[in-house]
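Working notes for the structure below.
Residue numbers (the numbering used here): 3 to 595.
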């Protein structure tokens, strides 16, 4: 007989769900049985931790554009999902979370694992309900899928374990709840701004003398139109991290990343432009935007709530970036004065020369930049790249050049540690045949290290570079730069990640000197299965903004004398281009002013 859990799984199939991430447990085993019976249509990926399941569902939705799905048992299983689900919420990704409950008639009686997960999930979700029976499941399962997709967020269904096994009985259905009245079909829509708004935006951009573009994740599918806009406007393009693959990293129209992980030329174009075009980005660091008093702006975004969120705009265009840019480009005049673009291109050549000093540094202890750059040179044109959150993100952003044919993702607005490995596993499962590469830190990888066994289990073509400096390096530098406090409690106990990879059935490699880089990477990249490459790098190598603001520099100088290893830090920042970056704010009040 068909059960509530069967109805749930059949609904997922009708909504084109092909993969579910999670862990079984007594509170969710009714759904597990329904999944077992439909293995022909839905693949269940067992993870080693529920947090990873939620990260994988989020990443899977990012990689495929489909609904991501994760499940967990009652109580702690459900609460463990939250971090990964907040990643979906903050990056506006459609994910369905399914959690179990204890017996329906023992809820709120202090029974084992008696956690009201609907209350726990209230803030993270756009749809959130307890399923009462099979007839109710037919309605709410479909509505949960529809809402997650329509509102680009998290939907949550909580189902008591006995309700999951409850048979669908017509006599138990209310007379108003007619069977099959909810269609399991997605009806998409496209919002198109009125012609007069597009003309207004074109007029504003045509009037601008020094136009800059900020491109984010929303520009990824509008690459060609974005490039044409840059050509017409003579506009250099700064890329938010999630928009890294919107243009080739070596494209002459881009100044690379923006923000603390970005480039000095990106800061310069934001400082000196008179007009800004924002395409599919709500890059959160407002201090890196132009002066809102002096710069006019046009913003294109799919979400009207996001228009003007970071910088005031004179014209907001809501809808698909590709469609809008196509219409906008038809109204743009090609600018004859290319001096603003040419100045940015000159600055970008200088920036690349500076970065080459870091990536060619042969000093000991081994610096992380040469390893990251050499790793990046081996990333194929069709490969996928992820990073975790920390200094490793800076290394990938600055020292690995991607093309528009690559795929890139990261925990964006949440910026969560421990997301890199789950994201990489989801990439391998979502896109079979494509090689997957990850740059992570020892802090984040240690949090979910057991998940490497999941990659081994599925024989994923995954290569992980872990920069092993024995430090929570970004946090340490934030203590110093942001607050003027000496580094404290950021040192990590050592882990042999290469040995752990071998122990879990993968392959592990270690790099400790500059001369080992090429040989070890060649050996590691010759392995098809999951690989961890442990690079033992200098823990005192700084994480530097492209130009150190005055307040950061003052805080750093204050904190340095009491920081352990300060002599080594002083030696490192005396090298170029770090010395120039450290002095970058001395002649300016603050970044972005």
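Where a beta carbon is used, it is the ideal one built from N, C-alpha and C, also for glycine.
Going by DSSP in three states, residue i sits in which element: helix, strand or coil?
i	result
residue 378	helix
residue 443	strand
residue 359	helix
residue 158	strand
residue 367	coil
residue 574	helix
residue 122	helix
residue 200	helix
residue 13	helix
residue 326	helix
residue 600	Outside the displayed range of the chain (3 to 595) lies residue 600, so it cannot be described from this structure.
residue 27	coil
residue 596	Nothing can be reported for residue 596, as the shown portion of the chain is limited to 3 through 595.
residue 464	strand
residue 387	strand
Keeping to the same chain, check which residues put their C-beta closer than 7 Å to that of residue i; ignore five residues upstream and five downstream.
i	result
residue 652	In this structure the chain extends from 3 to 595, so residue 652 is not present and cannot be described.
residue 14	44 and 71
residue 340	236
residue 483	554, 557 and 558
residue 418	85, 89 and 391
residue 520	376
Report yes if the C-beta distance between residue i and residue j is below 8 Å; otherwise report no.
i	j	result
residue 426	residue 448	no
residue 430	residue 438	yes
residue 90	residue 60	yes
residue 468	residue 531	no
residue 377	residue 423	no
residue 63	residue 22	no
residue 305	residue 163	no
residue 571	residue 542	yes
residue 263	residue 243	yes
residue 19	residue 84	no
residue 259	residue 420	no
residue 206	residue 317	yes
residue 296	residue 314	no
residue 82	residue 104	no
residue 363	residue 356	no
residue 392	residue 352	no
residue 87	residue 203	no
residue 369	residue 522	no
residue 32	residue 55	no
If we ignore side chains and look at the alpha-carbon of each, how far apart do residue i and residue j end up?
i	j	result
residue 435	residue 387	14 Å
residue 301	residue 7	44 Å
residue 567	residue 537	20 Å
residue 590	residue 551	Residue placement at residue 590 is flagged as unreliable, the pLDDT there being 41, under the threshold of 50; the coordinate-derived value follows with that caveat. Looking at the two C-alpha atoms, the distance is approximately 8 Å.
residue 493	residue 474	7 Å
residue 395	residue 505	27 Å
residue 106	residue 167	12 Å
residue 178	residue 48	39 Å
residue 348	residue 342	10 Å
residue 66	residue 98	15 Å
residue 600	residue 324	The chain is shown only over 3 to 595; residue 600 falls outside these bounds and no answer can be derived.
residue 151	residue 411	19 Å
residue 385	residue 464	10 Å
residue 35	residue 10	12 Å
residue 156	residue 127	5 Å
Excluding the 5 residues flanking residue i on each side, which residues of the same chain have their C-beta closer than 8 Å to its C-beta?
i	result
residue 234	331, 334, 335, 336 and 337
residue 500	510, 511, 512, 534, 535 and 536
residue 595	Reliability of the predicted coordinates at residue 595 is poor, the pLDDT of 30 falling under 50, and no value is obtained from them.
residue 255	229, 232, 233, 237, 238, 239, 249 and 343
Skipping 5 residues on each side, what residues in its chain have a beta carbon closer than 6 Å to that of residue i?
i	result
residue 346	238, 257, 267 and 271
residue 565	488 and 489
residue 123	130 and 158
residue 101	74, 80, 119 and 160
residue 486	557, 560 and 561
residue 358	none
residue 350	257 and 267
residue 3	169
residue 40	11
residue 175	137
Say yes only if the C-beta of residue i is nearer than 7 Å to one or more non-hydrogen atoms of the ligand NAP, and no if none qualify.
i	result
residue 248	With respect to the ligand NAP, the structure shown offers nothing to examine, as it has no ligands at all.
Given 8 Å, three or more beta-carbon pairs between the stretch 234 to 250 and the stretch 400 to 410: Remark: three or more beta-carbon pairs, one from each stretch, lie closer than 8 Å, so the stretch 234 to 250 and the stretch 400 to 410 are flagged as touching.
Cβ pair count under 8 Å reaching 3, the stretch 105 to 123 against the stretch 138 to 149: Contact between the stretch 105 to 123 and the stretch 138 to 149 is absent, because fewer than three Cβ pairs lie under 8 Å.
Contact between the stretch 181 to 196 and the stretch 364 to 379 (3+ Cβ pairs under 8 Å): No, because fewer than three Cβ pairs between the stretch 181 to 196 and the stretch 364 to 379 fall closer than 8 Å, the two stretches do not touch.
Sufficient close CB pairs (3 or more, under 8 Å) joining the stretch 180 to 192 to the stretch 283 to 292: Not touching, per the Cβ criterion.
The stretch 573 to 588 in contact with the stretch 544 to 562 per 3-pair CB rule at 8 Å: They touch, by the three-pair rule.
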